[in-house]
Every structure is written in structure tokens, then in C-alpha cells.
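Peer 1: Chains as they are written, first to last, in our numbering: chain A, 9 to 298; chain B, -2 to 369.
Heads up, the beta-carbon is just placed ideally off N, CA and C, and yes, glycines get one too.
The structure displayed is predicted, hence computed values, not measured ones.
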């Protein structure tokens, strides 16, 4: 059954899509170099897993994951509201480390590095998404809704103000817009969707531990955003599909067993390098990051 | 990037692609008779040394079992210790390569793969001592045994030696937590006390704070339950701080890198594991131990012995004409006292083994069985 393997990959693409388009909202459209995205994903995954393990229904823990991440996003936006560019990146990076440390050390709640095994698959209206085909359909629906909402935001007048804030914050403020509030809303919305992605991830893999939420796990998502092109949702989708599928054909090259691991990673790195050499702004990039 | 750089980049890629295709073409085509095993190991990243040891065991066993006719093929996938990556690898191995058996290493990765293997009715051998791991399903096996037993064995030893107070430092994961609990259970049930028990993270390299606390608590024996390089660093730092108590440790420290870091401080450390060296009377297994020493320049480690034994056991089953996962599962459960380097294999109904943990020590820079 080749299809089962592809269904698995499509589910991963779906999860990454939600993560990447929501990161695109804060990084690409609002110009906030946000490295705290993986922390929102972590909060969502843990919130969802813990509620699911305690018997809450799917729609509650799924939305709770989103809203809790959103609260964290909002809280993060308060101390960082005056920071820009590299400074904001460092502050949000710090936030990622804090959340990681909490997940690792609050063993009473998260079981620390032992992780949470046996997370149930979602059940909705008496139907359990236990096989991967139905889970894919669920993921697809959630991706579609997330995409439409973020698309709507970006083409709305509010989205235009966000882009204006990114391009020239001072000018936007002169026009009487409260840019701090704008950035706050953008970061919180972005966090909300990251939380949903975390919830989907936890219920799909059925096991989470803090190692899934380190900075190393953020890098692929950030790669997608940059390779897809900042402020381009179309580019993000294409980049997600390419970057998730890219390592897969490498599995079929018959390397000698002694170098199979490193060889694949070297090639993967080379391909990424090539893409950036030929498309320095990404596939559909409109702007460059400060 | 200028033109030359681009050209160089392309040349590198073309060379790699041609090399890969050449290797792929010259590889002998596999016949239908071959049973496939998928091994999801940490081949790159910070856990790569554990994956490498397991891989050595597999390779040694494969050479032996495929000598006359190829009956087993192993397909390696790199997990990098990443759960998503491991899940993708498992899906690919099961659905495209049609493997009948999966191997996995590291407790987190094994936990993530277990539901996939169970759902597809594919046997999973987890090279992990996570307590309760094999209880997740009837297709989930392990031949390393439960970690708590290692702790219990060390606890018994500490009681024999009349130690009254013990200190423990352990790695914060399922396996080492199990060891700590096993040790504590035996030790404290015999009216002795664990005066201090501290856990450490994989990111730590400086243990002086913990060790200073231990020094103040004045235990008579110290248990370092962690992976090889951490135990080595703890040993060096403990001796530096003037802690001269007997040090106990656990399986998996039997590596070259352990001796390289710990140097002379390794002398006299006592550790428990299931591997057997001297008392193997089986000439075939003796031969393997020698072969490993010759090829890799170090004695066979427990991790290598674990994977070696499993491949040999599977080969024995496959030779009787059993080729599918459910049938292999039944044959595995029927196995009685299969001779292995890491102890004889008999599975209980959950698919776990109960091997006798033996005590080892380091003498003159060599890992040797402990004698009174």
C-alpha cells in the first residue's frame, strides 16, 4: 500500500501548512521576526494532549489548544511591543526556550522528558478519526479553514495596515493607526493557528515529548516561510509541499549502509542552498526582511 | 554567489547523484525469498554513537546469516531522534518496502513508532529498556529487559557490600528513572537510605554542583545511572572533587569513548548489564566477539550485542520457512533459551525478556567481569 505512506506525508504537509501560513502572518505580513512560534505550537500540543488524556471531547481540547496559545501570543506581544528586527527575534527566541524548559521541567504536569504517550485520536459526533484517511480529511478541512481565515485577514483593510506597519511603522502611526495593537492581534492570531497545529500533531503522532519543540524544529518552518517568499501565501503552500517531500525521494537512493544518514542530510542541505542561490527572495517573495 | 561557486556546487551534486545511481545499479537485486527488516536508528545527530553501535551488531549478524544465501535484508532509516522523522520512516518501511520487522532505538522514537507498528501488525523490536514498553501491544518486543531489574541488581550488590547510605545521579528519562526506582526499592526495603537522588539533563556537562551536594551528604556508595559520556564526565569530576567512594553504573557505558573520557578514573567502577563475555561456551559467539574486536578495535558493546542477537534469532526463525510478521510473532513467543551474547532469550507473554544482570568492572583499561 503505497497510499498509506503518502497519506502520512499529506497529513504532515497539512500540519506544516497551518504552522507555516500562520508564521507567515506574523513574519511575512507584519514583519515581526517571530522565533516564538514553536513555543505556541508546544503550548497547543501539550494543552490538547493533557485535556485529551483527561477525557475531554475533541472540539474542546482542539479549541482550547488554539486559545491557550493565543493567550500566550498576546502576553508575549506586551513586553516585546517596542522591539524590532533582531531584538524581537532574540526576545521571542528566549520565550521559546522558556516554554521548552517548562515542558521539560514541570514533570508533575508534562512528565518532562518522558513525554505523554497514548494520546487518543480525535472523536467528533461519535466518529473516531482512528485511521489515517479520515484523519487526513480532518486535517485538510482544518487547513482549508485556517487558510481562508488568514487569506481573508491579509486581503482585508486590517491586513493592509499590517503590511503598512511592516513597511513603515512610523508613517502608519502618523495616519492614526495603533500599530502596537495591530501587532498584538497579528501575533495572537498567528499563535492561535500554531496552537491548532500543535493539537493536530499531538493527536496524530499520539506521543509528544519536549524534544519535538526545540529551536531545531522551528528551523524547517522558518525555511518554508523564507523559501516560499515573505508575504506570499501561495509561495508558502508550494514551499511546504516541496520541503516536506524533498527528503523523501532521498530514502530511495541506495546509499551504502554506513553513510546512509549523513549522505541524505548533505544532499538535503545542498538542495536548500541551491534554491536560495537561484531564488534569493524565495519563490514568490515580495519583500525582504529587515 | 559567483559563477565559479555555482559551478562547484553543481559538480558536487552531479558527482553525488552519479555515485548514488552507480551504487544503486550495481547492487544485487533482492529476490522474493528475502525477508526485510527496517531499522530506524539515530544515525546522525547527538545520539549517533548509540545508533552506530546497534548498526555494527546488525551488520555482523547479517554477514553470518547471509553467508550461504541471502535470507535477510536490512533497510536503514535515520531517525535523528526526531519523532516525525521516525514516523515517516516507519510508514515508508511498512508500506513501500514491505518490511516484516522494525527495529527502533531511543525511548521517545520507539514510543512514537509503537502505535504504527501495532496498527499494521508489524513486529517492532525496541532497543530500549523503557519499563512497560512491550505492554503497548502484542507486536511490540524488546530484548533488553526492564530497566528496573538493573537497578535491583545494583541494589542487591550494595546491600551485600554492607553499604548504608547511597547517592544517585540519573539521566532524566524513562530508562534511568526505572533504574533509580529499582535501586531505591531494594536498598530502602533493607533499612538503608538513599541520602540524595538527583536527576540531570542531556544538555549538562558540568556536574560539580550535584557532586558537591553529594559530597556533603557523605554516602558510602554512588550510583551514576546515565549514558556513557555523562557517566565518564561525572566520574572525572567526582574524583577531582575528592569523592573516593565506590561508584556503580549501568548498561551501555561499555564504549571506547567512555574509557577515553574517564581515563584512569574508570578503574574499579562496577556496572550491571546482561552481556556475557567469558562464560560463553558457544564457539560461534566467541568468534563474533573476536570479529567485533578486530574490525572496530573495541570489545562488543551491549547495544551491538542486543541487535546482533535479534538478527540471529530472526534468521533462525526465517530459515524454518516462516516469512510473515504474525507467524514470526508466534515463533518469537515460542522461543526458549535462544543463546545470545547479551544473554539467552526467552520472551514472556508481553514480548519482553528477563535476563540475568551480571556485574562488570574496568581493570587496566579493559571491561571485565567483576570478581570479589
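Could you name the residues of the same chain whose beta carbon sits closer than 7 Å to that of residue 202 (chain A), not counting the 5 residues immediately before and after it, in chain order?
Peer 2: Result list for residue 202 (chain A): 27, 30, 45, 48, 49, 52, 77, in chain order.
Peer 1: Does residue 135 (chain A) have its Cβ less than 7 Å from a Cβ in chain B?
Peer 2: With 7 Å as the cut-off, residue 135 (chain A) does not count as an interface residue toward chain B.
Peer 1: Residues in the region 48 to 78 of chain B with C-beta within 8 Å of chain A's C-beta atoms, listed in sequence order?
Peer 2: Within the region 48 to 78 of chain B, the residues whose Cβ lies closer than 8 Å to some Cβ of chain A are 48, 52, 56, 71, 73, 74, 75, 77, 78, listed in chain order.
Peer 1: Runs of 4 residues minimum, wholly inside the region 66 to 129 of chain A: which ones carry the alpha helix (DSSP H) assignment?
Peer 2: Correct list: 66 to 85, 93 to 113, 115 to 118.
Peer 1: Taking the alpha carbon of residue 88 (chain A) as the point to measure from, which residue in A:219, A:59, A:43, A:185 has its own alpha carbon closest?
Peer 2: Ranking the options by Cα distance to residue 88 (chain A), first place goes to A:43.
Peer 1: Within the chosen definition, does the region 228 to 243 of chain B reach the region 337 to 344 of chain B through at least 3 CB pairs nearer than 8 Å?
Peer 2: The region 228 to 243 of chain B vs the region 337 to 344 of chain B: no contact.
Peer 1: If you measure from the beta carbon of residue 268 (chain A) to each beta carbon in chain B, is any gap under 7 Å?
Peer 2: Taking Cβ atoms only, chain B reaches closer than 7 Å to residue 268 (chain A), which makes this a yes.
Peer 1: Suppose you measure from the CA of residue 33 (chain B) to the CA of residue 308 (chain B); what does that come to, to the nearest Å?
Peer 2: Approximately 11 Å, taken between the alpha carbons.
Peer 1: Below 8 Å on the Cβ atoms is my guess for residue 278 (chain A) versus residue 9 (chain B); work out the distance and round it to an integer in Å.
Peer 2: With a Cβ gap of about 7 Å, residue 278 (chain A) and residue 9 (chain B) count as contacting.
Peer 1: Would you mind giving the Cβ-Cβ distance between residue 348 (chain B) and residue 256 (chain B), rounded to the nearest angstrom? I have them listed as a contact below 8 Å.
Peer 2: The pair is not a contact, with the Cβ atoms about 34 Å apart (cut-off 8 Å).
Peer 1: May I have the straight-line CA-CA distance separating residue 59 (chain A) from residue 126 (chain A), to the nearest angstrom?
Peer 2: Computed Cα separation, rounded: 13 Å.
Peer 1: Could you pull the DSSP bridge partners for residue 162 (chain A) from this structure?
Peer 2: Partner(s): none; residue 162 (chain A) has no beta bridge.
Peer 1: Please list the residues of the region 205 to 237 of chain A that have a C-beta atom closer than 7 Å to any C-beta atom in chain B, keeping them in chain order.
Peer 2: Residues 213, 214, 215, 217, 219, 220.
Peer 1: Report the rounded CA-to-CA distance for residue 259 (chain B) versus residue 235 (chain B), giving the unit in angstroms.
Peer 2: About 11 Å.
Peer 1: May I have the straight-line CA-CA distance separating residue 216 (chain B) from residue 159 (chain B), to the nearest angstrom?
Peer 2: Going from the Cα of residue 216 (chain B) to the Cα of residue 159 (chain B) covers about 12 Å.
Peer 1: Nearest to residue 102 (chain B) by alpha carbon, out of B:96, B:161, B:110?
Peer 2: Of the listed residues, the one whose Cα sits closest to residue 102 (chain B) is B:110.
Peer 1: Using a C-beta to C-beta distance shorter than 7 Å, which residues of chain A count as neighbours of residue 311 (chain B)?
Peer 2: Per Cβ cutoff of 7 Å: no residues; residue 311 (chain B) is ~17 Å from chain A at best.
Peer 1: Strictly under 7 Å for the Cβ-Cβ distance: is residue 12 (chain A) near chain B by that measure?
Peer 2: Yes, contact with chain B.
Peer 1: Which residues bound the beta strand (DSSP E) around residue 306 (chain B)?
Peer 2: Segment 299 to 316 is the alpha helix (DSSP H) holding residue 306 (chain B); no beta strand (DSSP E) there.
Peer 1: With DSSP collapsed to three states, give me the class of residue 164 (chain B).
Peer 2: Strand, per DSSP.
Peer 1: Ends of the beta strand (DSSP E) at residue 247 (chain B)?
Peer 2: Looking at the DSSP string, the run of the beta strand (DSSP E) that includes residue 247 (chain B) is 243 to 247.
Peer 1: Compare the Cα-Cα distances from residue 139 (chain A) to each of B:197, B:117, B:188, B:253 and report the closest residue.
Peer 2: For the residues B:197, B:117, B:188, B:253, the minimum Cα distance to residue 139 (chain A) belongs to B:117.
Peer 1: When you compare the CB positions of residue 230 (chain A) and residue 85 (chain A), do they come within less than 7 Å of one another, or not?
Peer 2: No.
Peer 1: According to the neighbour-count rule (16 or more other Cβ atoms, all chains shown, within 10 Å of its Cβ), is residue 257 (chain A) buried or exposed?
Peer 2: Exposed: under 16 other Cβ atoms inside 10 Å.
Peer 1: For residue 208 (chain A) and residue 150 (chain A), which I take to be in contact (beta-carbon distance under 8 Å), what is that distance rounded to the nearest angstrom?
Peer 2: Contact holds; Cβ gap of about 7 Å.
Peer 1: Against residue 366 (chain B), what residues of chain A qualify as contacts under a CB-to-CB distance less than 8 Å, listed in chain order?
Peer 2: Residues of chain A passing the Cβ test: none, with the nearest at roughly 31 Å.
Peer 1: So is residue 306 (chain B) buried or exposed if we call it buried at 16+ other beta carbons inside 10 Å?
Peer 2: Counting Cβ neighbours within 10 Å, residue 306 (chain B) comes out buried, since at least 16 surround it.
Peer 1: Report whether the distance from the Cβ of residue 154 (chain A) to the nearest heavy atom of the ligand FMN is below 6 Å.
Peer 2: No copy of the ligand FMN appears in this structure; indeed no ligand is present at all.
Peer 1: Give a yes or no on whether the C-beta atoms belonging to residue 37 (chain A) and residue 177 (chain A) are separated by under 7 Å.
Peer 2: It is not a contact, given that the beta carbons lie outside the stated cut-off.
Peer 1: Which chain B residues are close to residue 63 (chain A), counting only those with a beta carbon under 7 Å from its beta carbon?
Peer 2: Those within 7 Å of residue 63 (chain A) in chain B number zero; the least Cβ separation is about 19 Å.
Peer 1: From residue 289 (chain B) to residue 197 (chain A), what distance separates their C-alpha atoms?
Peer 2: The alpha-carbon atoms of residue 289 (chain B) and residue 197 (chain A) are separated by roughly 57 Å.
Peer 1: For the region 87 to 101 of chain B and the region 36 to 46 of chain B, state whether three or more C-beta atom pairs, one from each stretch, are separated by less than 8 Å.
Peer 2: Yes: the two stretches touch, three or more of their Cβ pairs being nearer than 8 Å.
Peer 1: Is residue 202 (chain B) close to chain A, meaning its C-beta is less than 7 Å from at least one C-beta of that chain?
Peer 2: Closer than 7 Å: no.
Peer 1: Which residue's Cα is closest to the Cα of residue 356 (chain B): B:45, B:154, B:79?
Peer 2: Residue B:154 is the option with its Cα nearest to residue 356 (chain B).
Peer 1: Using a Cβ-Cβ cut-off of 7 Å, state whether residue 278 (chain A) counts as contacting chain B.
Peer 2: It does; some Cβ of chain B falls within 7 Å.
Peer 1: Would residue 96 (chain B) be called buried (16 or more neighbouring beta carbons within 10 Å of its own) or exposed?
Peer 2: It counts as buried.
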